[in-house]
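**Q** First, the structure itself, so that you have it in front of you.
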Amino acid sequence: MAKTKAIVFDLDDTLYPERAYAFSGFEAVSRAFISRLGVTFDLAARMRELFDTSDRHRVFNVIVAECGIGDEVGIVREMIAMFRAHRPTIRLHADADAALSRLRPLYKLGAITDGYAVTQHAKLDALGIRQRVDAIIVTDDFGREFWKPHPRAFEEMSERLDVAHQHCVYVADNPAKDFVAPNALGWRTVLIERPDRVHSGNPIADGGVPDETVTTLETI
Ligand SMILES: [Mg+2]
Numbered sequence: 035m036a037k038t039k040a041i042v043f044d045l046d047d048t049l050y051p052e053r054a055y056a057f058s059g060f061e062a063v064s065r066a067f068i069s070r071l072g073v074t075f076d077l078a079a080r081m082r083e084l085f086d087t088s089d090r091h092r093v094f095n096v097i098v099a100e101c102g103i104g105d106e107v108g109i110v111r112e113m114i115a116m117f118r119a120h121r122p123t124i125r126l127h128a129d130a131d132a133a134l135s136r137l138r139p140l141y142k143l144g145a146i147t148d149g150y151a152v153t154q155h156a157k158l159d160a161l162g163i164r165q166r167v168d169a170i171i172v173t174d175d176f177g178r179e180f181w182k183p184h185p186r187a188f189e190e191m192s193e194r195l196d197v198a199h200q201h202c203v204y205v206a207d208n209p210a211k212d213f214v215a216p217n218a219l220g221w222r223t224v225l226i227e228r229p230d231r232v233h234s235g236n237p238i239a240d241g242g243v244p245d246e247t248v249t250t251l252e253t254i
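Printed below as a string of structure tokens:
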């Protein structure tokens, strides 16, 4: 096996719990919209409840419908915009925090993350990891068509870190999209399976089988 020189991490559900981001967003949206929606129940609590149902991807639509107000499309769009742009209250997983400190003197470190640019940059700021890695790529900064599994972020990361592909490792949580490009380029790939992850049970993409599976970053 080629010697490892660079370790690159995914963000959501790899370095911090994505669920916590959603809940943080629900708090922000609830605070901003509770009077407009005219409800007396705990709006954020209802959103958290819906997150664990098949309505996860239409939480705000369901909430607005339950409030029985009109103009559903308009207000839902505003709620989504606020959710995506809010300044989240999130923290690194303890093992991720420790791993970044432990690995920093030993390897080049990086992060590659998908998602809306405004959202992912707000998460990076909230987690305070910009100074803790050597390079960060938010794929959406290139455009929607460059989200994983597009290889561009991995090609560019190898260049920015000045480490050849076969010496790079990518650690991520979603085998439906995370490992296709790095596998094809010759990176070693590591799946982290966290118990509370959002993308549990996703089918593995063609060419997306990880080389290794771990349950904590303590052993990386
Ligand atoms: Mg992820």
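Residues in the sequence shown are numbered consecutively from 35, following my numbering.
By construction, the Cβ of each residue, glycine as well, lies at the ideal position given by its N, Cα and C atoms.
Note that the structure is predicted; figures quoted are calculated from it, not measured.
1. Suppose you measure from the CA of E83 to the CA of A210; what does that come to, to the nearest Å?
2. Going by other Cβ atoms of all chains shown within 10 Å of its Cβ, with 16 needed for buried, is I109 buried or exposed?
3. In the DSSP assignment, the beta strand (DSSP E) including T147 goes from what residue to what residue?
4. Check this for me: beta carbons of G144 and D168, under 8 Å apart or not?
5. Would you call the CB atoms of A40 and V197 closer than 8 Å?
6. I146: which of L140, K157 and I170 sits nearest, CA to CA?
7. Would the beta-carbon of D46 be found less than 7 Å away from any heavy atom of ligand 1?
8. Figure out for me which residue from E190, A66, V203 and L161 has the closest Cα to the Cα of I254.
9. Which whole-angstrom value is the C-beta distance of T48 and D174, which I expect to be below 8 Å?
10. For I238, which of helix, strand or coil comes out of DSSP?
11. For the alpha helix (DSSP H) holding V224, just list the boundary residues, first then last.
12. Quick test of your reading: T250 and D129, contact by CB under 8 Å. State the CB separation rounded to the nearest angstrom.
13. In chain order, what are the residue ranges of uninterrupted alpha helix (DSSP H) at least 4 long that sit wholly in the segment 192 to 221?
14. Is D207 near ligand 1 - that is, is its Cβ less than 7 Å away from at least one heavy atom of it?
15. Report back the beta-carbon spacing between R121 and A156 to the nearest angstrom; my notes put them in contact at under 8 Å.
16. By DSSP, does Y55 sit in helix, in strand, or in coil?
17. Which residues in the same chain have their Cβ closer than 6 Å to the Cβ of L77, if we skip the five residues on either side of it in sequence?
**A** Looking at the atomic coordinates:
1. 25 Å
2. buried
3. K142 to T147
4. In this structure, D168 lies closer than 8 Å to G144 by Cβ.
5. yes
6. I170
7. Yes, since a heavy atom of ligand 1 falls inside the 7 Å radius drawn around the Cβ of D46.
8. V203
9. Actually they do not touch by this definition, with Cβ atoms about 17 Å apart.
10. coil
11. Per DSSP, V224 belongs to no alpha helix (DSSP H); it is in the beta strand (DSSP E), R222 to I226.
12. About 5 Å separates the CB atoms of T250 and D129; that is less than 8 Å, so the two are in contact.
13. 214 to 219
14. Indeed, a heavy atom of ligand 1 lies less than 7 Å from the Cβ.
15. Yes, R121 and A156 are in contact; Cβ-Cβ is about 6 Å, under 8 Å.
16. helix
17. S64 and I68
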